[in-house]
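Take a look at the structure below.
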Amino acid sequence: MGANGHPPPASAAAQNGSHSSGGGGGGGGGANPSNGSTAAALRHDPGLAREWTPEEQATLDELLAKYASDAPVIRYAKIAMKLPDKTVRDVALRC
1 MGANGHPPPA
11 SAAAQNGSHS
21 SGGGGGGGGG
31 ANPSNGSTAA
41 ALRHDPGLAR
51 EWTPEEQATL
61 DELLAKYASD
71 APVIRYAKIA
81 MKLPDKTVRD
91 VALRC
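With the first letter of the sequence shown counted as 1, position 27 gets the number 27 in the UniProt record's numbering; the numbers rise by one all the way through.
As structure tokens, this is what we get:
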């Protein structure tokens with residue numbers, strides 16, 4: 001509030017930093033460091049994983065059955081978190 005009991009003009013509020021633009025984003029744009037494993041699973045890799053080892057394929061098959069009741073995107077994300085060299089996209093395209 002200004003000295004007269006009324007809110008200050010918008011320009012004064014912007015100068016003292018008390019005015020929020022309200023536009024979106026306000027978090028600095030960085031990832032939450034506490035979600036490191038999720039961020040790793042969701043990382044973008046423009047190349048496709050063309051090679052799947054027999055162990056990775058077995059893990060994929062096992063986890064597809066385990067997470068069958070989840071929505072597809074959630075299922076793929078959970079599986080990608082268990083396969084360190086695969087992205088969610090790799091998993092989705094393999095299914």
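Every residue, glycine too, gets a C-beta built ideally from N, C-alpha and C.
Are the CB atoms of residue j and residue i within a distance shorter than 8 Å?
{"i": "Leu83", "j": "Glu56", "result": "yes"}
{"i": "Val88", "j": "Ala80", "result": "yes"}
{"i": "Val91", "j": "Tyr67", "result": "no"}
{"i": "Cys95", "j": "Leu63", "result": "no"}
{"i": "Lys78", "j": "Asp85", "result": "no"}
Taking the alpha helix (DSSP H) that residue i falls in, what are its first and last residues?
{"i": "Leu60", "result": "Pro54 to Lys66"}
{"i": "Asp70", "result": "Counting along the chain, Asp70 falls outside any alpha helix (DSSP H), and DSSP gives it neither H nor E."}
{"i": "Leu83", "result": "Run containing Leu83: none; DSSP gives neither H nor E here."}
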